[in-house]
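Participant: Same order as they appear, the protein sequences are chains Y and C.
Residues are numbered in the working numbering as their position in the first sequence, beginning at 1, plus a constant of 1.
Residues are numbered in the working numbering as their position in the second sequence, beginning at 1, plus a constant of 1403.
Quick reminder that beta carbons are idealized off the backbone N, C-alpha and C, glycines included.
Provided herewith is a single structure, encoded as structure tokens, for subsequent inquiry.
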Amino acid sequence: MTILEAAQALRARRVSSAELTETVLARIHTLNPKLNAFITVLEESARAQAKTADQELAAGKDRGLLHGVPVAVKDVFETRGVRTTCGSVIFMHHVPKRDAAVVEHLASAGAVLVGKTGMHELAYGITSNNPHFGTIRNPWDPERIPGGSSGGSGVAVASGMVFMGMGSDTGGSIRIPAAFCGIVGLKPTSGRVSRYGVMPLDFSLDHMGPLTNSVRDAGATLQAIAGHDPRDETSSKAPVGHYVPEPGCSIRNLRIGLPQNFYLERLDPDVDVAVRRMAATAESLGARIIPVRVPDIAALNAVGRVILLAEASALMGKYTDNRDQFGSDVLALLDQGRFIAATDYVNAQRLRRMMQREFSQLWSQVDCLFTPTTPMAAPRIGEKTAALGDFTEDVRLATTRLVRGINVLGLPAISLPCGFDRRGLPVGLQIVGRPFDEALILQAAAALEDATDYHKQAPKDVK
Amino acid sequence: MKNWKKIAQSSDIKIPETEIERLAPSLDGLEAAFRPLVNTIPDDVEPAVTFRIEPEAGE
């Protein structure tokens, strides 16, 4: 069931929020020991929130599509009075005195918060193989990673433990688990959603957004959490749009750019087929597929790595003397960041400005870009390298190769299911849009979702 | 390639030498990708970092 279906059922009194909440709590009890999606489950407060939602809806007070719907947030979002660990032993006992802006918005929208999801340590990695809170497992194959860093939210949504899981995305951490778990992940434009109360990995690349079972559910969530927040210096005053695509929305005459360089290179052949098939589907719906050449994305990725390494190490520097507190992969990244010279950091931010200008010229030719989200489906837990045709590539670098640059540019992007590989593992399509044009990429994604049934497939024995 | 151990010594970066050896390939790769880009930046391009001062801050 999607958020929109639940919203209809709640208003038709076919189900109550209390019943939905009991159903998901039972599912968490059954599945979480196997998949490890949650760090904290909030049974008591969730039941109380559900009861309030039912009372409000019965009294005619309607807070919108999320009202009474069970959701979860990654354990990077601060929750007043509820432990927020960031997946780290450093914050094992951190109990915030405030709610993150996103948590405030979800509460105002009447959502029922059932728990805090697991994640890669400090949101600094893509496996969600957490040395302190355990390995998070992919519901499509528990021997494979769910992606990260928002792996717990991806697993919780894909396995029906919640209707929406909030994630954060610094170099693909919403879109990667969405692709690996066969669900939708939306990274809004930089500044669209407040970062207030989110434990940061980085100062200039972090974005907040939802993971959901459908495109319209992602739109409904963005509708609830978007908007200016003076408590976040990077928060934008750009007007909030209408983010829930209408039924039967059209993409006729939409100009879709299909990159002829970089994005369709070094892919698992099954990913290549799935993405091109989705482009053909868009064409059959009346969109125009326009071959384009994109600026140097490999250079953009190098710039992104310099910025992230420097900012994350600056942020965590006060903790790194106690090296036992970190997993080896995170410590290696924090160590690398200490070697980034100040001049290189400044020049990376100058290159970012240059590349942003260069990339913006694309928008005179096309309305959005289609790319794979990741070059391959979910790797096995512990796998260090991925074989991609004739190439072998480090799993972390391969997994972030097609998504990291979009964070550097601050552009909105959505990942939606676009097929399966030969092993039956889900594959994601990334749609990238102009700044603050979330409505357009949501509409394009919804039209494709309406025309296909990839999003209706579920992991065996889980849904 | 840069000598990361010497850089660590001169910059007082306290990381065990064996760890630096493990990091070196990744740092070398990034250096190779990033260094050539720096010379392409026109002089008038400013960094994209955020710092704002509002009028009321001076009141």
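Mark A7 of chain Y as exposed unless 16 or more other C-beta atoms lie within 10 angstroms of its C-beta, in which case mark it buried.
Facilitator: Buried is the call here.
Participant: Got a sec: is the Cβ-Cβ distance from I1456 of chain C to anything in chain Y below 7 Å?
Facilitator: I1456 of chain C does not count as touching chain Y.
Participant: Measure the beta-carbon distance from L410 of chain Y to M356 of chain Y and round it to whole angstroms, keeping in mind my assumption that it falls under 8 Å.
Facilitator: So it is a contact: roughly 7 Å between Cβ atoms.
Participant: Opposite T372 of chain Y in the DSSP bridges: which residues?
Facilitator: Looking at the DSSP assignment, T372 of chain Y forms a beta bridge with Y:Q431.
Participant: Answer yes or no: do A180 of chain Y and G406 of chain Y have a C-beta to C-beta separation smaller than 7 Å?
Facilitator: Their beta carbons are not under 7 Å apart, which means A180 of chain Y does not touch G406 of chain Y by this criterion.
Participant: State yes or no: is the C-beta of S154 of chain Y within less than 7 Å of the C-beta of G135 of chain Y?
Facilitator: No.
Participant: Going along chain C, which residues have a C-beta under 8 Å from D345 of chain Y?
Facilitator: The answer, in chain order, is F1437 and V1441.
Participant: Give me the residue from Y:L398, Y:D218 and Y:D454 with the minimum Cα distance to G126 of chain Y.
Facilitator: The shortest C-alpha separation from G126 of chain Y is found at Y:L398.
Participant: Can you tell me which of the three DSSP states M356 of chain Y falls into?
Facilitator: Of the three classes helix, strand and coil, the one that applies to M356 of chain Y here is helix, per DSSP.
Participant: In chain order, which continuous runs of the alpha helix (DSSP H) of length 4 or greater are located wholly inside the stretch 267 to 296 of chain Y?
Facilitator: The stretch 267 to 296 of chain Y contains these whole alpha helix (DSSP H) runs: 270 to 285.
Participant: Inspect the beta-carbon positions of I184 of chain Y and A159 of chain Y and report whether they are closer than 7 Å.
Facilitator: Cβ atoms of I184 of chain Y and A159 of chain Y: closer than 7 Å.
Participant: Between which two residues does the alpha helix (DSSP H) harbouring A387 of chain Y extend?
Facilitator: Here A387 of chain Y belongs to no alpha helix (DSSP H); instead the beta strand (DSSP E) covers T386 to L389.
Participant: Give the residues from the stretch 396 to 419 of chain Y that approach chain C closer than 7 Å (Cβ to any Cβ), ordered along the chain.
Facilitator: Hits within the stretch: zero.
Participant: How long is the line joining the alpha carbons of S370 of chain Y and I40 of chain Y, rounded to whole angstroms?
Facilitator: It is Leu, not Ser, that sits at residue 370 of chain Y in the sequence shown. Their Cα atoms are separated by approximately 36 Å.
Participant: Of all the residues that make up the stretch 1408 to 1420 of chain C, which are near chain Y by a beta-carbon distance shorter than 9 Å?
Facilitator: Taking 9 Å as the Cβ-Cβ cut-off against chain Y, the residues of the stretch 1408 to 1420 of chain C that qualify are I1410, A1411, S1414, I1416, K1417, I1418 and P1419.
Participant: Pop quiz: L403 of chain Y and V295 of chain Y are said to be a contact at Cβ under 8 Å. What is the actual Cβ separation, rounded to whole angstroms?
Facilitator: About 11 Å; that fails the 8 Å criterion.
Participant: Taking DSSP's pairing of strands, which residues face E394 of chain Y in a bridge?
Facilitator: E394 of chain Y pairs with Y:A387.
Participant: Using a beta-carbon distance below 7 Å, is P1450 of chain C in contact with chain Y?
Facilitator: Yes, P1450 of chain C lies at the interface with chain Y (some Cβ there is under 7 Å from its Cβ).
Participant: Scan the stretch 27 to 78 of chain Y and note each continuous beta strand (DSSP E) run of 3 residues or more that stays entirely inside, going in chain order.
Facilitator: Within the stretch 27 to 78 of chain Y, the complete beta strand (DSSP E) runs of at least 3 residues are 39 to 42 and 71 to 75.
Participant: Leaving out five residues before and five after Q468 of chain Y in sequence, what residues of the same chain have Cβ atoms less than 7 Å from its Cβ?
Facilitator: Residue 468 of chain Y lies beyond the stretch modelled for chain Y, which goes from 2 to 464, so this question has no answer here.
Participant: Go to K466 of chain Y, then tell me how far its beta strand (DSSP E) extends in each direction, as first and last residue.
Facilitator: Summary: the structure shown does not reach residue 466 of chain Y, with chain Y confined to residues 2 through 464, and so no result is reported for it.
Participant: If I measure Cβ to Cβ from W1470 of chain C and keep anything under 8 Å in the same chain, skipping five residues before and after, which residues do I get?
Facilitator: Because chain C is modelled from 1404 through 1462, residue 1470 of chain C falls outside the range shown and cannot be assessed.
Participant: Under 7 Å Cβ-Cβ, which residues of chain C neighbour D230 of chain Y?
Facilitator: Ordered by position in chain C, no residue passes the 7 Å Cβ test against D230 of chain Y, which lies about 14 Å from the chain.
Participant: Which residue marks the beginning of the beta strand (DSSP E) containing D1431 of chain C, and which one marks its end?
Facilitator: It is not in any beta strand (DSSP E) - D1431 of chain C instead sits in the alpha helix (DSSP H) that spans E1420 to V1441.
Participant: Is I1444 of chain C close to chain Y? Criterion is C-beta to C-beta, closer than 7 Å.
Facilitator: Yes, contact with chain Y.
Participant: Which residues in the same chain as A47 of chain Y place their Cβ atom closer than 8 Å to its Cβ, once the five residues preceding and following it in sequence are excluded?
Facilitator: Cβ within range, chain order: T22, L26, P71, V113, L114, V115 and G116.
Participant: Check the Cβ-Cβ distances between L352 of chain Y and every residue of chain C, and say whether any is below 7 Å.
Facilitator: At least one chain C Cβ lies under 7 Å of L352 of chain Y.
Participant: Assign E1462 of chain C to buried or exposed, taking buried as 16 or more other Cβ atoms, counted over all protein chains shown, within 10 Å of its Cβ.
Facilitator: Confidence in E1462 of chain C is poor, its pLDDT being 49 and thus under 50, which makes the residue's placement unreliable; the coordinate value appears in the next sentence. Its Cβ having fewer than 16 others within 10 Å, E1462 of chain C is exposed.
Participant: My understanding is that T374 of chain Y touches S329 of chain Y, with C-beta atoms under 8 Å, so please give their C-beta distance in whole angstroms.
Facilitator: At roughly 27 Å, the Cβ-Cβ gap does not stay under 8 Å, so T374 of chain Y and S329 of chain Y are not in contact.
Participant: Can you tell which of Y:S365, Y:D422 and Y:H456 has the C-alpha that lies nearest to the C-alpha of I257 of chain Y?
Facilitator: For the residues Y:S365, Y:D422 and Y:H456, the minimum Cα distance to I257 of chain Y belongs to Y:S365.
Participant: Cα-Cα, which of Y:H30, Y:A38, Y:S18 and Y:L32 is closest to H68 of chain Y?
Facilitator: Closest option to H68 of chain Y, Cα to Cα, is Y:S18.
Participant: Assess contact between the stretch 300 to 317 of chain Y and the stretch 341 to 355 of chain Y, defined as three or more Cβ pairs (one per stretch) separated by less than 8 Å. Is contact present?
Facilitator: Touching, per the Cβ criterion.
Participant: Could you give the first and the last residue of the continuous alpha helix (DSSP H) run that contains S329 of chain Y?
Facilitator: Note, S329 of chain Y: alpha helix (DSSP H), S329 to G338.
Participant: Can you tell me where the alpha helix (DSSP H) holding I257 of chain Y begins and where it ends?
Facilitator: Here I257 of chain Y belongs to no alpha helix (DSSP H); instead the beta strand (DSSP E) covers R256 to P260.
Participant: Please decide whether L11 of chain Y counts as near chain C, where near means a Cβ-Cβ distance under 7 Å.
Facilitator: No - not a single Cβ of chain C is within 7 Å of the one on L11 of chain Y.
Participant: Rounded C-beta distance between E312 of chain Y and S205 of chain Y? I'm assuming under 8 Å.
Facilitator: Going by Cβ atoms, the distance from E312 of chain Y to S205 of chain Y rounds to 7 Å, so yes, they are a contact pair.
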